[in-house]
Amino acid sequence: EPEVTQTPSHQVTQMGQEVILRCVPISNHLYFYWYRQILGQKVEFLVSFYNNEISEKSEIFDDQFSVERPDGSNFTLKIRSTKLEDSAMYFCASSAPGQWFFTDTQYFGPGTRLTVL
Amino acid sequence: ELKVEQNPLFLSMQEGKNYTIYCNYSTTSDRLYWYRQDPGKSLESLFVLLSNGAVKQEGRLMASLDTKARLSTLHITAAVHDLSATYFCAVDSPPSNTGKLIFGQGTTLQVKP
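Put into structure tokens, the structure is as follows:
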């Protein structure tokens, strides 16, 4: 069964460093998302992406964050200058075209645990 | 802003018992999702509820949606240990229809033998 994959599974970085989290969505999906989950807390929306553009972003997704689909398969999240509070599990998700665009189920990847020291 | 609240946040139950998890949300939305998360793992889709009165069942789990009451329930019948996990509801955030899901806090279910 097709699945969303993410690399790396765990990333440790120093505060102020740039990190790039990588995702390979399910191949026929057109809508892509990033969420994060701080340990023990709820899942928070960061950004949705369609047709090579950001569709919506949350207040968390400030100028330090960016997303890109550099080729036909990868979807990346870049954090330019990491802060301690960016430590979290980052999940990529993708969904297929539904009857009303985004209503189809979002399938989540296994996550990248980001630790900022 | 849309708020999604689940209760209870923690549920410890005996095998064989029934229980219900509640998910309330604050503004109109017609699309609600239930996910399961095992410790340290990703989120697994359980149900998608797309209209008022929708009811879906899979094994010992049954989900329903009342859009007028802004309430979804996840009912567990005759719980077994394998159902131990954290369950999240998530609501599609109107009106932008961009796939932004707002999640509840999660309900951690512990089923004891």
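Taken in order, these protein sequences are the chains called A and B. Heads up: the first sequence begins at 88 in our numbering, then just goes up one per residue. Heads up: the second sequence begins at 6 in our numbering, then just goes up one per residue. All C-beta atoms in this analysis are idealised placements derived from N, C-alpha and C, irrespective of residue type, glycine included. From a predicted model like this one, the values you see are computed outputs, not experimental measurements.
Handout entry: Host beta strand (DSSP E) of Gln62/B (start-end)
Key = On the second sequence, position 57 is the one that residue 62/B refers to. Looking at the DSSP string, the run of the beta strand (DSSP E) that includes Gln62/B is 60-63.
Practice task
Check the Cβ-Cβ distances between Glu172/A and every residue of chain B, and say whether any is below 8 angstroms.
Solution key: Along the first sequence, read from residue 1 onward, the residue named residue 172/A stands at position 85. Chain B, which has no Cβ nearer than 8 angstroms to the Cβ of Glu172/A, makes this no.
Exercise for the section: Give the range of the beta strand (DSSP E) segment to which Ile141/A is assigned. Expected result: Counting from one through the first sequence, the residue named residue 141/A turns up at place 54. Secondary structure note for Ile141/A: its beta strand (DSSP E) is the uninterrupted segment 140-144.
Practice task
For His97/A, name the three-state secondary structure that DSSP assigns.
Solution key: The residue you call residue 97/A lines up with position 10 of the first sequence. Strand at His97/A.
Problem - Met90/B versus Lys46/B, Lys22/B, Ser34/B, residue with shortest Cα-Cα distance - result: Residue numbering aside, residue 90/B sits at position 85 when the second sequence is read from its first letter. The sequence shown places Ala at residue 90/B, not Met. With distances taken between Cα atoms, Ala90/B lies closest to Lys46/B.
Practice task
Would you mind working out which of Arg36/B, Ala59/B, Tyr24/B, Gly58/B sits nearest Asn102/B, comparing C-alpha positions?
Solution key: One-based indexing of the second sequence puts residue 102/B at position 97. Selected option, being the one with the closest Cα: Arg36/B.
Practice task
Please name the residue in Val116/B, Lys117/B, Thr112/B, Pro118/B whose C-alpha comes closest to that of Gly127/A.
Solution key: Here the question's residue 127/A lines up with position 40 in the first sequence. The candidate whose alpha carbon is nearest that of Gly127/A is Thr112/B.
Practice task
Check the Cβ of Thr192/A against every Cβ in chain B and list those closer than 8 angstroms, keeping chain order.
Solution key: The sequence position of residue 192/A within the first sequence is 105, counting from 1. Result: Tyr38, Ser50, Val53.
Practice task
Consult DSSP for Glu172/A and reduce its assignment to one of helix, strand or coil.
Solution key: On the first sequence, position 85 is the one that residue 172/A refers to. Of the three classes helix, strand and coil, the one that applies to Glu172/A here is helix, per DSSP.
Practice task
Give a yes or no on whether the minimum CB-CB distance between Thr112/B and chain A is below 8 angstroms.
Solution key: Counting from one through the second sequence, the residue named residue 112/B turns up at place 107. No, Thr112/B does not count as interfacial toward chain A.
Handout entry: Pro167/A burial status per 10 Å Cβ neighbour count (16 or more: buried)
Key = Position 80 of the first sequence, counting from 1, holds the residue named residue 167/A. Residue identity check: residue 167/A is Arg in the sequence provided, not Pro. Arg167/A comes out exposed.
Practice task
Quick one: grab the DSSP three-state call for Leu106/B.
Solution key: The sequence position of residue 106/B within the second sequence is 101, counting from 1. Strand, per DSSP.
Problem - Cα-Cα separation, Phe132/A to Gln124/A - result: If you number the first sequence from 1, residue 132/A lands on position 45. If you number the first sequence from 1, residue 124/A lands on position 37. Roughly 9 angstroms separates the two Cα atoms.
Handout entry: chain A residues whose Cβ lies nearer than 7 angstroms to that of Leu106/B
Key = Here residue 106/B refers to the residue found at position 101 when the second sequence is read from its first residue. Simply Phe132, Gln193.
Practice task
Count the CB pairs spanning the stretch 39-54 of chain B and the stretch 79-90 of chain B that are closer than 8 angstroms, and state whether there are at least three.
Solution key: Contact holds: three or more Cβ-Cβ distances are below 8 angstroms.
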